[in-house]
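S.K.:
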Amino acid sequence: MINFDTLNDIAEHLRERLELKKYILLFAFNGTGKTRLSMAFKELGKQGGGDEETRDTLYFNAFTEDLFYWDNDLEHGAKRVLRLNRDSHFFDGLQELEMENRIGPLLARYADFDFLIDYETWEISFFRDTDSDGAPIPIKVSRGEENIFVWCFFLAVAQLAVDQEEGSPYAWVRYLYIDDPISSLDDNNAIAVASHLAQLLKNANGQIRTVISTHHHLFFNVMCNELSKAVKGFLSKEADHFRLADTGETPRYHHVALLKHLHEVAESGEVYTHHFNILRNILEKTATFHGFRNFSACIKQDSNDPDGILHARLVNVLSHGNYSLYEPQEMLPENKEYFRKILRDFMNNYRFNPELFPELTQESTNA
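According to the numbering used here, the sequence shown is numbered sequentially starting from 327.
Written out as structure tokens, the structure reads:
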């Protein structure tokens with residue numbers, strides 16, 4: 327476990343790790359700074375300026391998605407197209423490389439619509455059907471469909487980069503940095519995206535190194551299983567620093583990793599308000615798995631709180647509010663004790679491998 331003062335420090339650390347490892351997988355909750363970290367990593371790879379500027383990182387994040395924006399034809403409402411930011415190097419060689427033929431097979435894995443790229447106007451139109459003359463009938467795809475199209479566009483570019491073919495406009499790429507590629511996707515597509523991405527990376531030529539960060543538990547688990555030799559880390563934001571924990575051989579099921587994290591902060595006393603968010607998330611998933619309607623069923627009922635109302639309300643209150651994610655605050659001593667008690671009772675009731683929680687085991691033995 328390493329503490330960092332800034333995201334730039336983490337980016338430098340990741341580049342150092344990539345000198346020896348080919349892949350780094352990071353799990354972090356929203357609001358931690360994943361997107362900003364990807365941009366800090368990208369900026370470290372820039373050299374020179376102006377026409378002489380060089381770079382080494384092809385990235386996918388929220389900024390990549392912003393390179394595509396809708397023109398909804400508000401005046402006539404007839405021709406809705408997705409426009410491309412032609413000033414971005416992301417679109418280098420767009421027409422020469424016949425990107426439709428590269429994107430189309432990828433998109434067919436996930437969607438049932440087709441598209442056309444107008445290279446003169448830098449517009450993309452989507453369609454499912456054609457009229458009596460065979461002309462495409464334009465549609466506006468959903469946000470989820472738009473996201474998967476943008477992802478397939480990136481995959482097509484990434485394939486060109488990892489192939490490292492001579493004369494490729496992406497020969498400058500030395501690193502791929504992919505942040506949360508599966509927003510707005512259901513679990514089936516999350517698994518498909520993870521598996522497909524892993525195969526692309528494992529079959530890559532050359533010496534490209536890759537960082538993948540996500541807040542999506544299922545996606546992270548699949549990537550860990552697919553890229554078993556990758557460096558795996560849990561990134562968190564504390565009051566005045568960032569913390570990166572190397573999960574190593576920790577079981578890849580996210581609920582175990584999260585419980586281990588909560589157990590460690592409870593033991594250390596460094597308990598912050600957002601840790602109640604994590605605790606509530608685990609309680610809710612456990613309740614669903616065991617068939618209960620509410621997470622309060624997984625909270626131990628004491629003699630002075632026979633219905634479990636007090637602790638359930640406490641979890642409710644302390645797991646809400648903007649401060650929980652974006653302005654981490656250390657809990658009051660009384661709330662820390664409530665946190666420890668709810669967590670301890672939960673872990674005693676729903677047994678996990680005791681070797682992962684030695685202090686808890688000793689405490690339970692003495693109880």
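Where a beta carbon is used, it is the ideal one built from N, C-alpha and C, also for glycine.
Just verifying my parser: in three-state terms, what is the DSSP assignment at K563?
M.R.: Three-state result, K563: strand.
S.K.: Should the segment 538-558 be called in touch with the segment 516-525, which here means at least 3 C-beta pairs below 8 Å?
M.R.: As far as the Cβ criterion goes, the segment 538-558 touches the segment 516-525, which means the pair count is three or higher.
S.K.: What is the rounded straight-line gap between the Cα of E426 and the Cα of R406?
M.R.: So the alpha carbons of these two residues sit roughly 19 Å apart.
S.K.: Give the secondary structure of N661 by DSSP, where H, G and I count as helix, E and B as strand, and everything else as coil.
M.R.: Three-state result, N661: helix.
S.K.: Specify the secondary structure class of E656 as computed by DSSP and reduced to three states.
M.R.: Correct three-state label for E656: strand.
S.K.: Strictly by DSSP, which residues pair up with N329?
M.R.: The partner list for N329 (beta bridge, DSSP) reads R569.
S.K.: State the Cα-Cα distance for the pair G374 and F665, rounded to the nearest angstrom.
M.R.: Their Cα atoms are separated by approximately 51 Å.
S.K.: Check whether the Cβ atoms of G559 and I429 lie closer than 8 Å to each other.
M.R.: Contact flag unset, no.
S.K.: Within its chain, find whatever has a CB closer than 8 Å to the CB of L333; leave out the 5 residues flanking it on each side and keep chain order.
M.R.: Counting only Cβ-Cβ distances below 8 Å, and skipping sequence neighbours, we find G359, R362, L363, A366 and F568.
S.K.: With a 10 Å radius around its C-beta and 16 neighbouring C-beta atoms as the bar for buried, classify Y395 as buried or exposed.
M.R.: When all chains shown are included, Y395 counts as exposed.
S.K.: Rounded C-beta distance between I745 and A497? I'm assuming under 8 Å.
M.R.: Given that the chain is displayed from residue 327 to residue 693, the structure contains no residue 745 and the question cannot be resolved.
S.K.: Thinking just about the alpha-carbon of each residue, which of K368, L486 and Q533 is nearest to the one in K347?
M.R.: Ranking the options by Cα distance to K347, first place goes to Q533.
S.K.: For L658 versus L588, is the C-beta distance shorter than 8 Å?
M.R.: No, these two residues do not count as a Cβ contact at 8 Å.
S.K.: Return the residue from the list N473, E492, N529 and Q421 that minimises the CA-CA distance to D506.
M.R.: Nearest option by C-alpha distance: N473.
S.K.: Am I right that N356 and H542 are in contact with their C-beta atoms under 8 Å? What's the rounded C-beta distance?
M.R.: Their Cβ separation, rounded to whole angstroms, is 10 Å, which puts N356 and H542 out of contact at 8 Å.
S.K.: Under the DSSP definition of a beta bridge, which residues are partnered with Y385?
M.R.: In DSSP, Y385 forms a bridge with Y503.
S.K.: Tell me whether N514 is buried or exposed, calling it buried when 16 or more other Cβ atoms sit within 10 Å of its Cβ.
M.R.: When all chains shown are included, N514 counts as exposed.
S.K.: Of all Cβ atoms in chain C, is any one closer than 8 Å to the Cβ of Y349?
M.R.: Absent from the structure is chain C; it holds one protein chain and no more.
S.K.: Comparing alpha-carbon positions, which option in E369, L544 and N661 lies nearest Y501?
M.R.: Nearest C-alpha to Y501: E369.
S.K.: In the DSSP assignment, find the alpha helix (DSSP H) that holds D489 and state where it starts and stops.
M.R.: First-last of the alpha helix (DSSP H) with D489: R469 to D489.
S.K.: List the endpoints of the continuous beta strand (DSSP E) containing R606.
M.R.: Segment H600 to F615 is the alpha helix (DSSP H) holding R606; no beta strand (DSSP E) there.
S.K.: Grab me the residues of F621's own chain with a C-beta within less than 6 Å of its C-beta, minus the 5 sequence neighbours each way, in chain order.
M.R.: Within the same chain, F621 has close Cβ partners L609, E610 and A613.
S.K.: Where do the N-terminal and C-terminal ends of the alpha helix (DSSP H) with R409 fall, by residue?
M.R.: That residue, R409, is in no alpha helix (DSSP H); its beta strand (DSSP E) goes V407 to L410.
S.K.: Quick one: is G468 buried, meaning 16 or more other Cβ sit within 10 Å of its Cβ, or exposed?
M.R.: Residue 468 is actually Ser in this sequence, not Gly. With fewer than 16 other Cβ atoms within 10 Å, it is exposed.
S.K.: Kindly indicate which residue of L420, T383, V476 and V591 has the alpha-carbon position closest to the one of E446.
M.R.: Looking at the Cα atoms, L420 is the closest of the given residues.
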